Amino acid sequence: MKRISQINAITDLDSTSVMSIIDDADALEQHILTKGSVAPFLRGKCLAMVFDETSLRTRSAFERAMFDLGGHAIHFSGKEARVGRNAEKTEHLEDFVNVIGRFNDALLTRIYDHALQARIAAICPVPFINGMCDQHHPTQALCDFLTIRRRLHELKGLKVAFIGDGTNVATSLAQTAALVGARFVIATPANWAPPSALVDDLEGYTWTADPHEAAKDADVIIGDVWIPMNKAHEAEQRRTTLLPYSITCELMALARPHAFFMHNLPANRGDEVTPEVIDGPQSAIYEEAVARLHIARALLLHLLHSNPRACIESLKS
Numbered sequence: 048m049k050r051i052s053q054i055n056a057i058t059d060l061d062s063t064s065v066m067s068i069i070d071d072a073d074a075l076e077q078h079i080l081t082k083g084s085v086a087p088f089l090r091g092k093c094l095a096m097v098f099d100e101t102s103l104r105t106r107s108a109f110e111r112a113m114f115d116l117g118g119h120a121i122h123f124s125g126k127e128a129r130v131g132r133n134a135e136k137t138e139h140l141e142d143f144v145n146v147i148g149r150f151n152d153a154l155l156t157r158i159y160d161h162a163l164q165a166r167i168a169a170i171c172p173v174p175f176i177n178g179m180c181d182q183h184h185p186t187q188a189l190c191d192f193l194t195i196r197r198r199l200h201e202l203k204g205l206k207v208a209f210i211g212d213g214t215n216v217a218t219s220l221a222q223t224a225a226l227v228g229a230r231f232v233i234a235t236p237a238n239w240a241p242p243s244a245l246v247d248d249l250e251g252y253t254w255t256a257d258p259h260e261a262a263k264d265a266d267v268i269i270g271d272v273w274i275p276m277n278k279a280h281e282a283e284q285r286r287t288t289l290l291p292y293s294i295t296c297e298l299m300a301l302a303r304p305h306a307f308f309m310h311n312l313p314a315n316r317g318d319e320v321t322p323e324v325i326d327g328p329q330s331a332i333y334e335e336a337v338a339r340l341h342i343a344r345a346l347l348l349h350l351l352h353s354n355p356r357a358c359i360e361s362l363k364s
């Protein structure tokens, strides 16, 4: 397995790394559940987090994960860090990255513009984590596949259906599915699929305009928000276009009997999913949300410890 130095997109990982992070997330969680805590593997380490876009789950997960592993996390808004589209003043990017990298052992940023995040990742002197941008959401994809594996006990050969808008989450899920051997079928309106350059060559990837085709015999069905904050002015037009892609009980009935629903949240009940589905017995949204914490622990261990394998092995003693 190659050493992980950053995760700007899922393509920074290989299949072995993805499965190792999922396995280790499970091992760390089970140890904490049975023993109450783990050794402070990251004692003395500090994670800087810059959220130019608001965050509930990602910030909570990584702050708690650093605490659980004996480290510390510091949070900055984009305004405070002077970076991103919400910054009132900007700072020379190299100055920002090199200063914050010298104060801390790792950097996580949530900045809308992927090109800006890619520039940060390229010059960052410490391990870097993409906490979400307009093209990718890698930590969400990892926690989703951890949730799928925990429920269905395998990943290879499963049919993962994504229905709605081809968002950043859809892109990262498609890339992860290819690495773990799952089939990824996405149903969107024409021209609403993820960027072709990022997904079309992925093994197991299929696009369709028909949500029923995507849902048929699926092992899991996933939705995402139709109207992100930056597209509120397009709300009515987007609702009209995406209306046939609302995830309903009728769509869920086309999936396999064990199928369940996931959504990265926040969700708009009545848009991308009906209340009967997201709040019903087939919903796994809260298990999925907490899986972000489990993934955060494992990912930080891989990024910040010189021997993560030894840490995981020590849990068995």
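Numbering (this note's numbering), first residue to last: 48 to 364. Heads up, the beta-carbon is just placed ideally off N, CA and C, and yes, glycines get one too. Quantities reported herein were computed from a predicted structural model and do not represent experimental measurements.
Asked	Found
Inter-stretch contact at 8 angstroms, needing at least 3 Cβ pairs: the stretch 178 to 193 / the stretch 285 to 301	no
Paired residues, beta bridge with V130 - DSSP	Per DSSP, none; premise fails for V130.
Assigned exposure category for A162 - 16 Cβ within 10 Å defines buried	exposed
Bridge partners - C93, DSSP secondary structure assignment	H119
Beta-carbon proximity check, L205 vs D266, cutoff 9 angstroms	yes
Residues of its chain near T214, where Cβ-Cβ distance is below 6 angstroms and the 5 sequence neighbours each way are ignored	D271
Cβ shell of E110 (< 6 angstroms), same chain only, five flanking positions each side left out	A120
Distance CB(F192)-CB(L220) smaller than 9 angstroms	yes
Beta-carbon spacing of E141, G125 below 9 angstroms	no
Backbone CA spacing between A302 and V232 [nearest angstrom]	13 angstroms
Through-space distance from S364 to N354, alpha-carbon basis	16 angstroms
Stretch pair the stretch 321 to 341 + the stretch 134 to 151: three plus CB contacts closer than 8 angstroms	no
Close Cβ partners of I158 (< 8 angstroms) along its chain, the five nearest in sequence each way excluded	V97, D99, E100, G125, V130, G131, R132, Q164, I167, C180
Limits of the unbroken beta strand (DSSP E) element including Y252	252 to 255
I210: first and last residue of the uninterrupted beta strand (DSSP E) it sits in	206 to 210
Range covered by the alpha helix (DSSP H) that runs through L155	Not the alpha helix (DSSP H): L155 falls in the beta strand (DSSP E), residues 153 to 157.
Beta-carbon proximity of L350 to I54, cut-off 9 angstroms	yes
Ordered list of alpha helix (DSSP H) runs contained in the stretch 323 to 358, each at least 4 residues	332 to 351
For N177, the three-state DSSP class (helix, strand or coil)	strand
Of the listed residues T194, A240, L75, nearest to F209 (C-alpha basis)	A240
Nearest-angstrom Cα separation, counted from L290 out to P313	18 angstroms
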